[in-house]
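Number 20 in full-length UniProt numbering belongs to position 20 of the sequence shown; there are no gaps in the numbering. Scroll down for the structure; my scribbles are underneath it.
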Amino acid sequence: MGNLVNIYDGIHHTPHYKNKGIMFLSVEDIETLNSNKFISEWEFKKYYKNYPTKNDILMTRIGDIGSTNIVRDNSFKAYYVSLALLKIRKQILNV
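Here it is, written out as structure tokens:
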């Protein structure tokens with residue numbers, strides 16, 4: 001699998017939630033990729049060098065292990081360690 005995708009996990013600590021900002025996803029959000037939890041843009045920039053973009057895959061790592069969903073847009077999303085981010089390697093896409 002490592003030859004096909006780059007795999008990342010989310011932050012390992014609970015962030016400081018805000019009323020608005022960057023959506024923060026966790027394992028319970030895998031079906032809809034929608035959440036009512038948000039973090040600040042500052043915290044997002046500090047902790048997320050790799051974040052979900054259109055056509056990436058989010059997969060659960062805790063609880064119902066292996067459930068997946070495809071990211072459908074390019075809006076910024078933060079994610080917890082309970083999710084893995086799978087980004088298809090560029091050389092695979094160019095074949």
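We put the beta carbon where it would ideally sit given N, CA and C, even for glycine.
Span of the alpha helix (DSSP H), counted from its first residue to its last, around residue i
{"i": "tyrosine 47", "result": "41–47"}
Counterpart residues of residue i in DSSP-defined beta bridges
{"i": "aspartate 9", "result": "Ala84"}
{"i": "threonine 68", "result": "Met59"}
{"i": "lysine 18", "result": "Phe38"}
Residue range of the beta strand (DSSP E) that includes residue i
{"i": "phenylalanine 76", "result": "No beta strand (DSSP E) holds phenylalanine 76; DSSP gives it neither H nor E."}
{"i": "isoleucine 57", "result": "57–60"}
{"i": "isoleucine 22", "result": "22–25"}
Beta-carbon gap between residue i and residue j smaller than 8 Å
{"i": "leucine 86", "j": "isoleucine 30", "result": "no"}
{"i": "glycine 63", "j": "valine 5", "result": "no"}
{"i": "tyrosine 80", "j": "isoleucine 11", "result": "yes"}
{"i": "threonine 60", "j": "asparagine 74", "result": "no"}
{"i": "aspartate 41", "j": "proline 15", "result": "Here residue 41 turns out to be glutamate, not aspartate, going by the sequence shown. It is not a contact, given that the beta carbons lie outside the stated cut-off."}
{"i": "leucine 58", "j": "valine 71", "result": "yes"}
{"i": "leucine 33", "j": "asparagine 55", "result": "no"}
Status (buried if at least 16 other CB within 10 Å, exposed otherwise) for residue i
{"i": "isoleucine 39", "result": "buried"}
{"i": "lysine 77", "result": "buried"}
{"i": "tyrosine 51", "result": "buried"}
{"i": "tyrosine 17", "result": "exposed"}
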